[in-house]
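Q: Sharing a structure below in structure tokens format, with a few things to ask.
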Amino acid sequence: MNALPKQVKIVEVGPRDGLQNEKETISAEVKTELVNRLASAGFANIEAASFVSPKWVPQMATSKEVMAAIARRPGTIYSALTPNMQGFEAALAAKADEVVIFGSASEAFSQKNINCSIAESIARFVDVAKAAKDNGLRLRGSISCSFGCPYQGEVPLDAVADVVGRMRDLGCDEIDIADTIGVATPRKTQAVMQTAISAFRLDGLSGHFHDTYGQALANIYASLELGISIFHSSVSGLGGCPYAKGATGNVATEDVLYMMNGLGIHTGIDLDIVVDAGQYISQVLGRKGSSRAGNAIAAKRAG
Numbered sequence: 037m038n039a040l041p042k043q044v045k046i047v048e049v050g051p052r053d054g055l056q057n058e059k060e061t062i063s064a065e066v067k068t069e070l071v072n073r074l075a076s077a078g079f080a081n082i083e084a085a086s087f088v089s090p091k092w093v094p095q096m097a098t099s100k101e102v103m104a105a106i107a108r109r110p111g112t113i114y115s116a117l118t119p120n121m122q123g124f125e126a127a128l129a130a131k132a133d134e135v136v137i138f139g140s141a142s143e144a145f146s147q148k149n150i151n152c153s154i155a156e157s158i159a160r161f162v163d164v165a166k167a168a169k170d171n172g173l174r175l176r177g178s179i180s181c182s183f184g185c186p187y188q189g190e191v192p193l194d195a196v197a198d199v200v201g202r203m204r205d206l207g208c209d210e211i212d213i214a215d216t217i218g219v220a221t222p223r224k225t226q227a228v229m230q231t232a233i234s235a236f237r238l239d240g241l242s243g244h245f246h247d248t249y250g251q252a253l254a255n256i257y258a259s260l261e262l263g264i265s266i267f268h269s270s271v272s273g274l275g276g277c278p279y280a281k282g283a284t285g286n287v288a289t290e291d292v293l294y295m296m297n298g299l300g301i302h303t304g305i306d307l308d309i310v311v312d313a314g315q316y317i318s319q320v321l322g323r324k325g326s327s328r329a330g331n332a333i334a335a336k337r338a339g
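Following this line, the structure appears as structure tokens:
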């Protein structure tokens with residue numbers, strides 16, 4: 037195994053992926069405050085908005101207002117999910133720095149989720165990808181169900197390689213390998229990541245892990261051993277997937293940072309400020325956050 041990376045990039049997905057499933061409407065003001073708090077902690081990349089139809093994801097209906105109100109920190113990439121050209125135009129108008137397109141490594145998930153094949157779903161992004169490049173925006177591709185699917189179970193490694201290749205050919209700067217339902221374990225993680233590495237450059241691949249079975253940190257460590265140096269996490273462990281039954285939250289940012297700090301891996305992020313942001317959004321939501329490290333640090337502070 038390689039030596040662990042000396043530095044990693046953490047992509048904070050709480051304001052978009054984390055909040056999109058919340059039943060109670062969260063105001064644009066709260067979302068803006070959360071993004072600003074996270075930016076002040078030093079994140080290089082924050083997923084701040086989603087320009088999808090409000091009919092499908094009502095919680096993201098205020099994305100335009102949030103993008104207009106945030107205090108942009110120099111050096112931070114503010115990303116937006118864009119399912120089509122209409123979404124892309126909205127993201128461009130909102131001055132997003134990066135647009136995110138998405139597909140699945142599971143044929144069954146693709147059919148159930150968006151009623152088309154994997155190949156058809158990614159072909160739909162050709163215009164979005166070209167427009168992103170023409171307008172000088174970063175393009176990120178996200179591949180759901182790379183480690184398992186709620187409908188078909190196992191996802192073949194060659195299916196992951198195929199979608200990585202399609203995303204690469206669209207011109208993606210970064211490609212996320214996502215464990216949408218949180219079923220991966222370290223050995224499985226390394227098999228999938230090695231497959232992705234064979235189809236795309238190592239420094240452009242990221243791990244997006246859910247903690248459904250408590251394996252997310254172990255899977256991140258297994259990815260670090262292969263040289264993966266970009267990971268997604270969600271403040272306070274917010275979120276899940278609205279189309280994947282039983283998928284619990286993303287791995288908590290505070291837990292990932294605590295581990296990285298312990299490993300001596302540089303993130304450029306202030307854990308204390310992230311803990312404050314996690315406590316803030318948890319109070320707004322009226323529940324305790326799911327980050328063990330965040331809750332432990334907050335309890336220690338309270339004496």
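In terms of my numbering, the sequence shown opens at residue 37 and continues consecutively.
From the three backbone atoms N, C-alpha and C, an ideal C-beta is built for every residue, glycine too.
Since we're looking at a predicted model, the values are computed, not measured.
Measuring CB to CB, does VAL93 end up less than 7 Å from PRO119?
A: no
Q: Write down every uninterrupted run of the beta strand (DSSP E) in the segment 197-257 whose length is 3 residues or greater and which is fully enclosed by it, in chain order.
A: 210-215, 241-245
Q: Output needed for ILE301: all residues of its chain with C-beta closer than 8 Å, excluding positions within five of it in sequence on either side, in chain order.
A: LEU40, PRO41, LYS42, GLN43, VAL44, LEU260, listed in sequence order.
Q: Would you mind listing the beta strand (DSSP E) stretches within the segment 91-139 that are 3+ residues and don't spill past its ends, in chain order?
A: Along the length of the segment 91-139, whole beta strand (DSSP E) runs at least 3 residues long occupy 113-117, reported in chain order.
Q: Any idea if LYS336 is buried or exposed, counting beta-carbon neighbours within 10 angstroms, 16 or more meaning buried?
A: exposed
Q: Would you check if the segment 177-185 and the segment 138-156 touch, i.e. whether three or more CB-CB distances between them fall below 8 Å?
A: yes
Q: Are the segment 323-333 and the segment 66-76 in contact at 8 Å, needing three or more beta carbon pairs?
A: no
Q: Which two residues bound the contiguous beta strand (DSSP E) that contains ALA85?
A: 81-86
Q: What residues in its chain sit with their C-beta under 7 Å from that of GLY201, if we drop five residues either side in the sequence?
A: ALA235
Q: For a test of the three-state rule: what should DSSP assign to LEU175, helix, strand or coil?
A: strand
Q: Less than 8 Å between C-beta atoms, sequence neighbours within five positions excluded: which residues of the same chain meet that for GLN56?
A: The beta carbon of GLN56 sits closer than 8 Å to the beta carbons of SER86, VAL93, GLN95, MET96, GLY275, PRO278 from its chain, once the five residues preceding and following it are set aside; these are given in chain order.
Q: Give the DSSP bridge partners of GLU1, in chain order.
A: Residue 1 lies beyond the residue range present for the chain, which begins at 37 and ends at 339; the question has no answer from this structure.
Q: If you reduce the DSSP assignment to three classes, tell me which class GLY189 lands in.
A: strand
Q: Can you name the start and end residues of the alpha helix (DSSP H) that ARG337 belongs to?
A: That run of the alpha helix (DSSP H) goes 328-338.
Q: Give me the residue from LEU173, LEU253, ARG108, ASP198 with the minimum Cα distance to GLY78.
A: ARG108
Q: Is the beta carbon of LEU262 closer than 7 Å to that of MET229?
A: yes
Q: Any contact of the segment 290-299 with the segment 112-129, i.e. 3+ C-beta pairs under 8 Å?
A: Taking one beta carbon from each stretch, the segment 290-299 and the segment 112-129 have fewer than 3 pairs nearer than 8 Å; the two do not touch.
Q: Measure the C-alpha to C-alpha separation of ILE137 and ALA104 and round it to an integer number of angstroms.
A: 22 Å
Q: Tell me the DSSP bridge mates of GLN43?
A: HIS302
Q: Once DSSP output is grouped into helix, strand and coil, what is the label at ASN286?
A: strand
Q: Is SER63 buried or exposed, if buried means 16 or more other CB atoms sit within 10 Å of its CB?
A: exposed
Q: GLY322 lies in the alpha helix (DSSP H); which residues open and close that run?
A: Note, GLY322: premise wrong, no alpha helix (DSSP H); not H, not E.
Q: Check SER182 in the structure and name its three-state DSSP category.
A: coil
Q: Would you identify the three-state DSSP class for GLY54, choosing helix, strand or coil?
A: helix
Q: Given 8 Å as the limit, is there contact between the segment 285-294 and the segment 238-252, that is, 3 or more CB pairs closer than that?
A: Yes, they touch.
Q: Are there 16 or more other CB atoms within 10 angstroms of the CB of PRO90, so buried, or fewer, so exposed?
A: exposed
Q: So what does DSSP say about ASN151, is it helix, strand or coil?
A: coil
Q: Let me make sure I understand the geometry here. Which of TYR187, ILE211, LEU206 has the alpha-carbon closest to that of VAL196?
A: ILE211
Q: GLY243 and ILE217 - do their beta-carbons sit closer together than 7 Å?
A: no
Q: When you compare each of SER99, SER270, GLU48 to ASN81 by their alpha carbons, which one comes out closest?
A: Here the closest residue by C-alpha is GLU48.
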